[in-house]
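> First, the structure itself, so that you have it in front of you.
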Amino acid sequence: MGARVKYGAVEFVTYLVLARKLRPQTFDEIVAQEHITETLKKAVQMGRIAHAYIFCGTRGTGKTSTARILAKALNCVEGPTAEPCLKCVNCREIVSSSSMDVIEIDAASNTGVDSIRDLRENVRYAPAGSRYKIYIIDEVHRLSGAAFDALLKTLEEPPAHVVFMFATTEPHNLPATILSRAQRYDFRRIPLTKLTESLRSAAEKENINITDDALALIARKGDGSLRDALSLFEQVLAYANDGVTVELISDALGLVDLNLLFNLTETIHNHDTRSLLEQVLKLTESGSDIGQFLIDFQEHLRNLLITASVPEPSQFLELSDLYIEKYVAQEGYFSESDILRMVQVISDLRQQLKEGAEPRIFLEMALLRLARMDTTATLADVLKKLSEISSSRQESAPPKDLFNGTSSGESSPAEKKSPILNKPAGDDEEVRSKAPSDKPGTGWKGFLDGYTQINGMLSMMLRKGNAEFVSDGILQLTFPPDSGIDTLLTSAKIKQLEMELQKYYGRFVKFRVETDPGLRLDEPKMTLDPRFDISPEDVFRKNPDIQKIVERYDGKITSIKRITPKGANNG
């Protein structure tokens, strides 16, 4: 309850808001600014008192509170001391803002040069009853250029009994001449954990029951500002009084509940368009701000991306353990590239809304686009699928050759063959699956025609190799020593080829490359597909990347020259 104030026959009950009621009174009570409070405490203890201080940082981080505490430390009857007594007349007057020697000026309402001229006249006079005359100028960046010029002379040669304390959220707008004559202290945004602890302490002092999730939500919306978080907390208390939950906070403040965002990503993952539209309807009918929802959804996707990218996301996410567990549960829904595409879609939608697009319609279209977006299979999904196929394997006849449809026989590599590149160590057991679907362009030639769209240069080189299905699920390509294939075909490219072969033929194929000194670079290859009749030169001409370059520079291909690698045997 507030204090009772009587005016004549009328008695009022004044209420003190939490942000003022819980204002820090000592350096130790300042939240998450130890790098500043410890420095100031030691400076006071050592008597190293500067004539001007600049406290800068985002709102609600303790700039003005620190200035008042420093004023008490300097003017305390027991001081100067790093621990003001809070009981002497000077400390009590500073707390009640009634001290004649601690003058607080709001620069936003005193921007003119006349106010600074009055200040210059008054600084000459000694303090009325304190050790220092202290001027606390809030939002000092709002002073005019002429006012700064008038203040500069005083800062150059200040009286020994005067201390200036400037507070600002925009230090970059202060003149360099002012910055160079004062000690600057940068206040940091208050971490979520510190905000949550402060809110929990406030709830205990006010005897309020509130869940941990509700505290975390208010702290997250405080956005690094303790004053903002306390203001939101007080607004919620006026709405709920007791038993504060996440649902009550969302209703009171019009916030988007994180659970709604989790449900939304699950719906997108399941491609459930009906449920998606129902959630959009619920969102719009609740009166929530679509713009704020998109900001929250982007932050949600960012958290999901971090969870999927790092092994311990808790150190990067300012969230409670409960929500981190939910993010971990959904980390496999989308690949990292999928999440980045989703963020781009939401960014585009935010820009469209700024340009006047109808919010609900464009929100529905964007979310439906996300729900219908093709997703990229993760490595974990591929390995899981392969494990399922391997476990269900049954004994059967030798498989048909994937490349010419005939049964694969035993073949032994030539005596002079030596491996160039093999897939990294792993399970060498070949995996059997369904027969490949009967579709146009099957066969090694058909695969390379499609792979040209992915890597035209490598596809052209693979056409020069002798392809042979040597055993169940193992494709062997043999090249002459001077082919240069070992330069292009890295381990990563082998993995990519194996994935594309699996997509194309419907089963896993292990890819192996060898060299045979008996082969020549200009010999016809493709023994598994005699119908192949396209030359590497034609592949080069039809490569889409080459065509784009030609079109961009309005050129044409006049000739194609094959270059033999240095050191190769040209015989």
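Going by this note's numbering, the first residue of the sequence shown is number 15, and it counts up by one from there. Just so you know, even glycine gets a beta-carbon here, dropped at the ideal spot from N, CA and C.
Assess contact between the region 261 to 275 and the region 300 to 319, defined as three or more Cβ pairs (one per stretch) separated by less than 8 Å. Is contact present?
Segments in contact, yes.
> May I have a chain-ordered list of the alpha helix (DSSP H) segments no shorter than 4 residues that lie completely inside the region 67 to 146?
The region 67 to 146 contains these whole alpha helix (DSSP H) runs: 77 to 89, 103 to 109, 127 to 136.
> Thinking arginine 203 and threonine 72 are a contact (beta carbons under 8 Å), I'd like their distance in whole angstroms, please.
By 1-based counting over the sequence shown, the position of residue 203 is 189. By 1-based counting over the sequence shown, the position of residue 72 is 58. With 8 Å as the limit, arginine 203 and threonine 72 qualify as a contact, their Cβ atoms being about 6 Å apart.
> Alpha carbon to alpha carbon, what distance is there between glutamate 482 and arginine 446?
Mapped onto the sequence shown, residue 446 falls at position 432. Mapped onto the sequence shown, residue 482 falls at position 468. For arginine 446, the predicted structure reports a pLDDT of 35, less than 50, and the residue's modelled location is therefore unreliable. The matter cannot be settled from this model.
> Between arginine 364 and methionine 387, is the Cβ-Cβ spacing less than 8 Å?
Looking up residue 364 in the sequence shown gives position 350. Looking up residue 387 in the sequence shown gives position 373. In this structure, methionine 387 does not lie closer than 8 Å to arginine 364 by Cβ.
> Let me check one thing: in DSSP terms, what residues is threonine 492 bridge-paired to?
The residue you call residue 492 lines up with position 478 of the sequence shown. In DSSP, threonine 492 forms a bridge with Asn480, Glu528.
> Does the distance from the CB of isoleucine 63 to the CB of alanine 196 come in under 8 Å?
Residue 63 sits at position 49 when you count from the first residue of the sequence shown. Residue 196 sits at position 182 when you count from the first residue of the sequence shown. Not in contact: isoleucine 63 and alanine 196 (Cβ atoms no closer than 8 Å).
> Thinking C-alpha only, which one of Met475, Ile192, Asp226 is nearest glycine 157?
Looking up residue 157 in the sequence shown gives position 143. Position check: residue 157 holds leucine in this sequence, whereas glycine was assumed. The shortest C-alpha separation from leucine 157 is found at Ile192.
> Going by DSSP, what residues sit across from methionine 179 in a beta bridge?
To locate residue 179, count along the sequence shown from 1; it is residue 165. According to DSSP, methionine 179 bridges with Tyr67, Ile150.
> Which residue comes first and which comes last in the beta strand (DSSP E) that contains phenylalanine 348?
Reading the sequence shown from its first residue, position 334 is the one you call residue 348. Here phenylalanine 348 belongs to no beta strand (DSSP E), and DSSP marks it neither H nor E.
> Any contact between the region 115 to 122 and the region 145 to 165? By contact I mean 3 or more CB pairs, one from each, below 8 Å.
With a cut-off of 8 Å, the region 145 to 165 and the region 115 to 122 count as touching, because enough Cβ pairs lie within range.
> Identify the continuous beta strand (DSSP E) that holds arginine 198 and give its terminal residues.
As a first step, residue 198 must be located in the sequence shown, where it is residue number 184. Note, arginine 198: beta strand (DSSP E), 197 to 201.
> Quick one: Cα of valine 127 to Cα of alanine 164, how far?
Position 113 of the sequence shown, counted from the start, is the residue given in the question as residue 127. Position 150 of the sequence shown, counted from the start, is the residue given in the question as residue 164. Rounded to the nearest angstrom, the two C-alpha atoms are 7 Å apart.
> Roughly how many angstroms separate the alpha carbons of valine 357 and asparagine 469, rounded to a whole number?
Reading the sequence shown from its first residue, position 343 is the one you call residue 357. Reading the sequence shown from its first residue, position 455 is the one you call residue 469. Each residue's alpha carbon lies about 28 Å from the other.
> Alpha carbon to alpha carbon, how far is glycine 305 from leucine 367?
The sequence position of residue 305 within the sequence shown is 291, counting from 1. The sequence position of residue 367 within the sequence shown is 353, counting from 1. Each residue's alpha carbon lies about 8 Å from the other.
> Grouping DSSP H, G and I as helix and E and B as strand, with all else coil, what is valine 324?
Residue 324 sits at position 310 when you count from the first residue of the sequence shown. Here valine 324 sits in coil by DSSP.
> Skipping 5 residues on each side, what residues in its chain have a beta carbon closer than 6 Å to that of alanine 161?
Taking the first residue of the sequence shown as position 1, residue 161 is located at position 147. Answer for alanine 161: Val127, Ile130, listed in chain order.
> Looking at C-beta atoms only, is the number of pairs between the region 217 to 232 and the region 41 to 51 that lie closer than 8 Å three or more?
As far as the Cβ criterion goes, the region 217 to 232 does not touch the region 41 to 51, which means the pair count is below three.
> Quick one: does glutamate 43 have its CB under 8 Å from some CB of chain D?
Looking at the structure shown, chain D is missing, and only one protein chain is on hand.
> Here's the rule: buried if 16 or more other CB atoms are within 10 angstroms of the residue's CB, otherwise exposed. What is tyrosine 29?
Here residue 29 refers to the residue found at position 15 when the sequence shown is read from its first residue. By the 10 Å Cβ count, tyrosine 29 comes out exposed.
> So, are the CB atoms of glycine 268 and glycine 238 less than 8 Å apart?
By one-based count along the sequence shown, residue 268 stands at place 254. By one-based count along the sequence shown, residue 238 stands at place 224. Contact: no.
> Count the other C-beta atoms from every protein chain shown that fall within 10 angstroms of the C-beta of histidine 155, then say buried if there are 16 or more, exposed otherwise.
As a first step, residue 155 is located in the sequence shown; it is residue number 141 there, counting from the start. That one is buried.
> Could you say which of Thr125, Arg374, His175 lies nearest to asparagine 136 if we only look at CA atoms?
Locating residue 136 in the sequence shown gives position 122, where the first residue counts as 1. Residue His175 is the option with its Cα nearest to asparagine 136.
> Is isoleucine 360 buried or exposed, if buried means 16 or more other CB atoms sit within 10 Å of its CB?
The residue given as residue 360 occupies position 346 in the sequence shown. Its Cβ being crowded by 16 or more others within 10 Å, isoleucine 360 is buried.
> Who are the Cβ neighbours of lysine 437 in its own chain at under 6 Å, not counting the five residues just before and after it?
Here residue 437 refers to the residue found at position 423 when the sequence shown is read from its first residue. At lysine 437 the pLDDT is 41, less than 50, meaning the model places this residue with poor confidence; the figure from the coordinates comes in the next sentence. Closer than 6 Å at Cβ, skipping near neighbours: Ile508.
> On the three-state DSSP scale, how would you describe valine 523?
To locate residue 523, count along the sequence shown from 1; it is residue 509. Coil.
> Determine the closest residue to glutamate 97 out of Glu514, Leu213, Thr40, Gly257, with distance taken between C-alpha atoms.
If you number the sequence shown from 1, residue 97 lands on position 83. Out of Glu514, Leu213, Thr40, Gly257, Thr40 has the C-alpha closest to the C-alpha of glutamate 97.
> When the Cα of threonine 321 is compared with those of Lys296, Leu308, Phe348, Phe307, which residue comes out closest?
What you label residue 321 is simply residue 307 of the sequence shown in a count that begins at 1. Comparing Cα positions, the closest option is Phe348.
> Comparing alpha-carbon positions, which option in Cys105, Asp200, Thr529, Arg82 lies nearest valine 91?
For this step, residue 91 is matched to residue 77 along the sequence shown. Ranking Cys105, Asp200, Thr529, Arg82 by Cα distance to valine 91 puts Cys105 first.
> For threonine 298 versus arginine 374, is the C-beta distance shorter than 8 Å?
Position 284 of the sequence shown holds residue 298. Position 360 of the sequence shown holds residue 374. Going by C-beta atoms, threonine 298 is nearer than 8 Å to arginine 374.
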